[in-house]
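Oh and the sequence shown: position 120 is 300 in my numbering, straight run, nothing missing.
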Amino acid sequence: MAENKSNILLESGTNEIEVMCFSVGGESYGINVAKVQEIIMAEKVKPMPHAHPAVEGIFKPRESLITVINLAYYLFGQHQEIGEKDLFIITNFNRMTVAFRVESIEGISRISWEAIQKPDKTISNGDEGVATGIAQCDGKLVTVLDFEKIVAEIAPETTIQVSDVEKLGARALCDSPIVIAEDSVLLQRMIDDCLERAGFTHLINFSNGQEAWDHLHSIRNDSDLFDKVNLVITDIEMPKMDGHRLTKLIKDDQRLKHLPVIIFSSLIDEQMRVKGKELGADEQIAKPEIGRLVGLLDTLLDRFREERPKFDI
């Protein structure tokens, strides 16, 4: 049995998300449908020696080997009894395919990112929490999990690597002000560390698209606007306002539209590229590609400096 999400599409820039709700350990959790490739009945898994405790092993449903992560173990620190009706959520993000064992699928809800609240630090283990946010789906509170963080903790080599920047060698310092919208504290730290190592000294961080937009809107009429911001980097998945909506607002604004926008997200695939291009994004790259991000920053900032006199309106 398989369920494909290929026909679940959202109009670009509406600030909406499709949340697939599922249960683990009797609790309700959620995942962005954009990350889901398909749902299948759980199959027999081949254990892998010396793997992370939350990694059940691997299986081969077709031609490719897929790693299976036991969400119950990751979330609760102990293996739950494996049920005959368990399901695998096959995900695809950061150019990886990973399966997550869950108990059941509860349904899909379309909601606004504005309705997703970041959990209080007292219940989310501070900055180390694994929740993207708390959503209300069909009258039920659902914890939307940060699957990027889960995979990054289990397999650090699959996420942003400082070594990719170190390979670039010595670089000149760049004080161009860069606005970054990224809700994951872990990934925000990684991005900042890598960009600072690459010589970028003026990074302005916001934890979601709404905060970034509020900042940009507050300075849009300043005569020195382009002394305060030269470029925007945004994730897609964020509470309050997602990166597609942020991009649309920037590119629809008569002054802010001149700012280069890079979408830096784990969700970049051909479908997402089409959406981003429609909204006016200057570049779109998958989140592990930090070395490529540095190169794009160099190119777009150089272009911005050359064309900037045309912008002072």
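For each residue, glycine too, the CB sits at the ideal point set by N, CA and C.
Residue environment analysis places Ile-262 among the exposed positions, since fewer than 16 neighbouring C-beta atoms fall within 10 angstroms of its C-beta. Counting the other CB atoms within 10 Å of its CB gives Glu-417 a total of 16 or more, which places it among the buried residues.
For Tyr-209, the pairing in a beta bridge is given by DSSP as Phe-202 and Thr-323.
For Phe-386, the enclosing beta strand (DSSP E) has its first and last residue at 383 to 386. Secondary structure of Arg-281 (DSSP, three-state): strand. In the three-state DSSP reduction, Thr-271 falls in the strand class (E or B). In the assembly as shown, Gln-434 is an exposed residue. Its beta-carbon has fewer than 16 other beta-carbons within 10 Å. Ranked by how close their Cα comes to the Cα of Lys-240, the residues Tyr-254, Tyr-253 and Ala-222 have Ala-222 in first place.
Fewer than three pairs of CB atoms, one per stretch, sit closer than 8 Å, so the stretch 381 to 398 makes no contact with the stretch 329 to 338.
The straight-line gap separating the alpha-carbon atoms of Asp-422 and Val-345 is approximately 27 Å.
For Cys-374, the uninterrupted alpha helix (DSSP H) segment begins and ends at 365 to 377. As computed with DSSP, Leu-411 is found in a beta bridge with Ile-358.
The stretch 286 to 294 makes contact with the stretch 311 to 326; the number of CB pairs closer than 8 Å reaches 3 or more. In terms of Cβ geometry, Phe-202 and Val-278 do not form a close pair [threshold 8 Å]. Taking His-424 as reference, the option from Gly-349, Ile-211, Ser-364 and Gly-456 with the minimal CA-CA separation is Gly-456.
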